[in-house]
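Residue numbers (the working numbering), protein chains in the order written: chain F, 3 to 381; chain C, 2 to 292.
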Amino acid sequence: MKTGILAGILLATMTAAAALAQSGAPIKLANVAELSGGGATVGTNWKNGIDLAIEEVNAKGGVLGRKLEVTHADSQSNPGVARAQVQKALDGEPYVLLGPGYSGSVKVTAPLAAEAGIAQIMGGEAAELTQGGNKFLFRTSFGQQSSMPKVAKYINDEVKAKSVAIVWVNNDFGRGGRDVITKEFAKLGIKVAADLSTEAGQADFAADVSKIKAAAPDAVFIYLNEEESARILKELKRQGVSVPLIGETTLIGQKVVELAGDAANGARGHVGLTTDAPVDLIKAFREKFVKKYNYVPDHNGLKGYLAIYMIKATTEKMGKVDPKAFADNLHGLTIKAASEPGILMDATFDKNGDIDRQGFLVEIVDGKQVIKQVLPKLN
Amino acid sequence: MSNLLDLLIAGLATGAIYAIVAVGFTLLWQTSQTINFAQGEFVMLPAFLMLAAMHVGAPFWLAIVIGMLLSMLLLGLGFKMLLVDPMLRHGVLPLAIATMALAIGIKEAVKQFFSAEASPFPSIVPSGDISILGRQVALQSVGVLALAIAAVVGLTMLLNRTSIGHQMQATAQNPTVARIIGIPVERMILLTFLINAFLVALASLLITPIYLAKFSSGEVLGQAAFIAAIVGGFNQVRGAIAGGLLIGVVDNLAAAYVSTQYRAAVPMILLILIILLRPQGLLGRAEERTV
């Protein structure tokens, strides 16, 4: 009898200790990103943004009193590797999955996270990602279905181009953007003078630029990843193409400006996130990032940073750390910068996981992003 | 027509760089039966050595000198003494595999010590246009082409007009006889390694402003140079030059007139055709070996 009572007390003590340990245990996050390969710029910025935000959150006591802890895995910018890394990450039962940044990698990993019932906060921008009914996938930036109409409108209204050459990268990201903007051009009566598909990691753009010159368009719409954007900008300058060069975030990011040098001057387009935005919280973020990493981040650094504050705000709203309920609570949530400064700008997440936030029209002038216009949040 | 001219000029400029790298390929094969599968990485590394020199405060010209000297030390002397000499006695194939391992080692080391991200690299040729036959042509294309041609002409003159060149040729054709008649064969072989290291450093200087400095940029270059060397003739310097120029032009024309997706396949198809129809390469010789 005595033995039974002792065993009962011991069991109760162990259970209580385990519960206590659990409540104070770090919240585990898993990040799978493009830390090498063609998307290294994307993944490195994203990772550094995450690390900076986690450091801040933990320094202020964590989330609901628990520290955040993240593991980083390299997808090598390869969807196959990304899938394997995400499977491995999910086996570790993270609270939320972060990344990848490439749309192609997101496309193949999203079903795994959804099956595990784990929310995935990612950097992909292909329109189709959030249109397949996946209830666990969330964007940190605009999808192409939000950004491309704004770019097409700008080309029509401001640039007044009647014919445009489209240069796109032949992957899910590029193909998605090209499809959306082509439809928008058709609506506006803009002719596609040349439709040029290029390869991810392509080093030599001489032939593509020659084709652009031969097509003699009023403007060129460039939708490539960062490094390829820099290479084509240099080649366009080398071959003396002087028509307006217009794109989206990947054409006018910090890394592109750094790599392309003078050739980036004059490039313009729409960006959802930029560290040059006239927003005090973003300026403060930029200062902190530069102090820690000694370089100016591109929009991917902002995305990684925001992802952590999305987790913080949602979890604090729930009042508990519940991976299964996380996605439901983030749908329809508006996070205001006034109450959660880490979110930098007011943001609303709809039922598909798409984001609504203010955006910017930008031009590169003397190697710097200059904001030409602020586009307000829709809702 | 003007489009074709642009494509030809751009193709020749890139092809000239392939030619420099391919010449190095053939030199190593001629004198020491080394098939260097790390040749592309040999082109990638000097740019990072120059960037490192600039990072510690050296001006660009000094960084070029430092990068060239370090390349000759590491990719010339070091490569020969630490990898080729110990491996060659085990045959050509183990050495070829060892160079594949070296390629991976160099790539990963650059990724580790520098970054997986691309870095900008200054151009030795100023930007701007010049007028040729009434057409505006990018100074960079012309400059790259001119420097590459100068390097190739210089090398050809060294091989054909100097005593050292003749000794190198003798070493390539028959090392045993060369040794009997008093030619310092080992020194000649070392010299070809140093020349190869100089050529890859020069190619690095010319191509990196266009391709950007990145740990993986050697993959494309190594493959292009290898194909160029075989297409032109693995046993002839002039074959490697012709092969390089041809591959550069074919690659650009394929991207413009065939498809960007299949552009990488077109030089390969050319390679297959050459192997089937003229195994010694366009300018190669069937039997003998010569520099």
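Built from N, CA and C at the ideal position, the CB exists for glycine as well. This one's a predicted model, so the numbers in the text were calculated from it and none came from an experiment.
Quiz item: Who are the near neighbours of D368 (chain F) in its chain, counting only those whose CB is closer than 8 angstroms to its CB and skipping five residues on each side?
Solution: Working through the first sequence from its first residue, we reach residue 368 (chain F) at position 366. Around D368 (chain F): N267.
Self-check item: 8 angstroms Cβ cutoff, A230 (chain C) in contact with chain F
Solution: The residue given as residue 230 (chain C) occupies position 229 in the second sequence. Answer no: the Cβ-Cβ gap between A230 (chain C) and chain F never drops below 8 angstroms.
Exercise. Could you confirm whether any beta carbon from chain F is found closer than 8 angstroms to the beta carbon of D7 (chain C)?
Key: As a position in the second sequence, residue 7 (chain C) is number 6, starting the count at 1. Yes, contact with chain F.
Self-check item: Range covered by the alpha helix (DSSP H) that runs through L278 (chain C)
Solution: Taking the second sequence and counting its residues from 1, the one referred to as residue 278 (chain C) is at position 277. Its alpha helix (DSSP H) spans residues 266-278.
Practice problem: Consider the Cβ of L37 (chain F): report whether some Cβ of chain C lies at a distance smaller than 8 angstroms. | Solution: If you number the first sequence from 1, residue 37 (chain F) lands on position 35. So yes, L37 (chain F) belongs to the interface.
Quiz item: Shorter than 8 angstroms from the beta carbon of T277 (chain F) to some beta carbon of chain C?
Solution: Locating residue 277 (chain F) in the first sequence gives position 275, counting from the first residue. Judged by the 8 angstroms Cβ criterion, T277 (chain F) is not in contact with chain C.
Quiz prompt | Chain-ordered neighbours of S199 (chain F) on chain C, where CB pairs are closer than 9 angstroms | solution = Start at 1 with the first residue of the first sequence, and residue 199 (chain F) comes out as number 197. For the C-beta of S199 (chain F), the chain C residues within less than 9 angstroms are, from N- to C-terminus, S260, T261, Q262.
Quiz item: Around the C-beta of Y263 (chain C), are 16 or more other C-beta atoms found within 10 angstroms, so that it is buried, or is it exposed?
Solution: As a position in the second sequence, residue 263 (chain C) is number 262, starting the count at 1. The residue is exposed, with fewer than 16 neighbouring Cβ atoms inside 10 Å.
Exercise. For Q233 (chain F), I'd like the list of residues in its chain whose CB is within less than 7 angstroms of its CB, leaving aside the five on either flank, ordered along the chain.
Key: On the first sequence, position 231 is the one that residue 233 (chain F) refers to. For the sequence presented, residue 233 (chain F) should be read as Arg rather than Gln. The answer, listed in chain order, is A205, F207.
Quiz item: How is E36 (chain F) classed by DSSP in three states: helix, strand or coil?
Solution: To locate residue 36 (chain F), count along the first sequence from 1; it is residue 34. In this structure, E36 (chain F) counts as coil in the three-state DSSP scheme.
Quiz item: Do three or more CB pairs link the stretch 305-320 of chain F to the stretch 342-354 of chain F at distances below 8 angstroms?
Solution: yes
Quiz prompt | Under the three-state DSSP convention, the category I192 (chain F) falls into | solution = Looking up residue 192 (chain F) in the first sequence gives position 190. Reduced to three states, the DSSP call for I192 (chain F) is coil.
Quiz item: Can the beta-carbon of P210 (chain C) be found less than 8 angstroms from the beta-carbon of F122 (chain C)?
Solution: In the second sequence, counting from the first residue as 1, residue 210 (chain C) sits at position 209. In the second sequence, counting from the first residue as 1, residue 122 (chain C) sits at position 121. Yes, the pair counts as a contact, with Cβ atoms nearer than the cut-off.
Self-check item: Closer than 8 angstroms at the beta carbon, the chain F residues around S218 (chain C)
Solution: Numbered from 1 along the second sequence, position 217 holds the residue referred to as residue 218 (chain C). Chain F residues near S218 (chain C): A205.
Quiz item: Is the Cβ of Q241 (chain F) closer than 8 angstroms to any Cβ of chain C?
Solution: Numbered from its first residue, the first sequence carries residue 241 (chain F) at position 239. Taking Cβ atoms only, chain C reaches closer than 8 angstroms to Q241 (chain F), which makes this a yes.
Quiz prompt | DSSP state of A23 (chain F) mapped onto helix, strand, coil | solution = Taking the first sequence and counting its residues from 1, the one referred to as residue 23 (chain F) is at position 21. Note on A23 (chain F): pLDDT 45, under 50, position unreliable in the model; no value is reported.
Practice problem: Measure from the C-beta of N227 (chain F) to each C-beta in chain C and report whether the shortest distance is under 8 angstroms. | Solution: Translated into positions along the first sequence, residue 227 (chain F) becomes position 225. Not an interface residue.
Quiz item: Taking Cβ-Cβ distances below 8 angstroms as the criterion, which residues of the stretch 115-131 of chain C are in contact with chain F?
Solution: S116, A117, E118, A119, S120, P121, S128, D130
Quiz item: Whose Cβ in chain F lies nearer than 9 angstroms to the Cβ of A11 (chain C)?
Solution: Walking along the second sequence from the start, residue 11 (chain C) turns up at place 10. Under the 9 angstroms cutoff, chain F gives D206, A208, A209, V211, S212, E237, R240, Q241.
Quiz prompt | Among F:Y156, F:D352, F:T336, F:E365, nearest to R270 (chain F) - alpha-carbon criterion | solution = As a first step, residue 270 (chain F) is located in the first sequence; it is residue number 268 there, counting from the start. The shortest Cα separation from R270 (chain F) among F:Y156, F:D352, F:T336, F:E365 belongs to F:E365.
Practice problem: Take A124 (chain C) and list the residues in its own chain whose beta-carbon comes closer than 7 angstroms to its own, dropping the five residues that flank it on each side. | Solution: As a working note, residue 124 (chain C) is residue 123 in the second sequence. The sequence shown places Ser at residue 124 (chain C), not Ala. Here the set comprises Q141, P210.
Quiz item: Taking Cβ-Cβ distances shorter than 7 angstroms, what residues in chain F pair up with L213 (chain C)?
Solution: Against the second sequence, residue 213 (chain C) aligns to sequence position 212. Here the neighbours are E229, A232, R233, L261.
Quiz item: Looking at the structure shown, is A18 (chain F) part of a helix, part of a strand, or coil, going by DSSP?
Solution: As a working note, residue 18 (chain F) is residue 16 in the first sequence. Bear in mind that a pLDDT of 49 at A18 (chain F), under 50, signals an unreliable position, so the model cannot answer this.
Quiz item: Apart from the five residues just before and just after A59 (chain C), which ones in its own chain have a Cβ nearer than 8 angstroms to its Cβ?
Solution: Within the second sequence, residue 59 (chain C) is the residue found at index 58, counting from 1. Excluding positions up to five away in sequence, the list reads I67.
Self-check item: Residue range of the beta strand (DSSP E) that includes R270 (chain F)
Solution: Along the first sequence, read from residue 1 onward, the residue named residue 270 (chain F) stands at position 268. Where R270 (chain F) is concerned, the enclosing beta strand (DSSP E) stretches over 270-273.
Quiz item: What residues from chain C crowd round A42 (chain F), counting only those whose CB sits closer than 7 angstroms?
Solution: Within the first sequence, residue 42 (chain F) is the residue found at index 40, counting from 1. Result: A117, E118.
Quiz item: Does T132 (chain F) have its Cβ less than 8 angstroms from a Cβ in chain C?
Solution: For the purposes of this step, residue 132 (chain F) is taken as the residue at position 130 of the first sequence. Judged by the 8 angstroms Cβ criterion, T132 (chain F) is not in contact with chain C.
Exercise. Have a look at the DSSP bridge pairing and note the partners of H74 (chain F).
Key: Walking along the first sequence from the start, residue 74 (chain F) turns up at place 72. In DSSP, H74 (chain F) forms a bridge with F:N33.
Practice problem: For N172 (chain F), go through chain C and note every residue whose CB falls closer than 7 angstroms to its CB, in chain order. | Solution: To locate residue 172 (chain F), count along the first sequence from 1; it is residue 170. By Cβ distance, chain C contributes Q262.
Quiz prompt | Residues near V24 (chain C) in its chain [Cβ-Cβ closer than 7 angstroms; skip 5 each side] | solution = As a position in the second sequence, residue 24 (chain C) is number 23, starting the count at 1. These residues qualify, in order along the chain: V153, L156, L200, V238, A241, I242.
Self-check item: Reduced DSSP secondary structure (H/G/I, E/B, other) of K370 (chain F)
Solution: Numbered from its first residue, the first sequence carries residue 370 (chain F) at position 368. In the structure shown, K370 (chain F) sits in a strand (DSSP, three-state: E or B).
Practice problem: Could you please give me the residues that DSSP links to T350 (chain F) through a beta bridge? | Solution: Here residue 350 (chain F) is taken as the residue at index 348 of the first sequence, counted from 1. Per DSSP, F:T336, F:D358.
Quiz prompt | Cβ pair Y97 (chain F), L31 (chain F) closer than 8 angstroms | solution = The residue labelled residue 97 (chain F) in the question sits at position 95 within the first sequence. The residue labelled residue 31 (chain F) in the question sits at position 29 within the first sequence. In this structure, L31 (chain F) lies closer than 8 angstroms to Y97 (chain F) by Cβ.
Quiz item: If we ignore side chains and look at the alpha-carbon of each, how far apart do S148 (chain F) and L283 (chain C) end up?
Solution: Within the first sequence, residue 148 (chain F) is the residue found at index 146, counting from 1. Within the second sequence, residue 283 (chain C) is the residue found at index 282, counting from 1. Going from the Cα of S148 (chain F) to the Cα of L283 (chain C) covers about 54 angstroms.
Quiz prompt | Nonlocal neighbours in the same chain, by C-beta distance under 6 angstroms from A301 (chain C), ignoring five residues either side | solution = Lying before the first or after the last residue shown, residue 301 (chain C) is absent from chain C, which here runs from 2 to 292.
Exercise. Identify each residue in the stretch 178-209 of chain C for which the Cβ-Cβ distance to at least one residue of chain F is less than 7 angstroms, and report them in chain order.
Key: none
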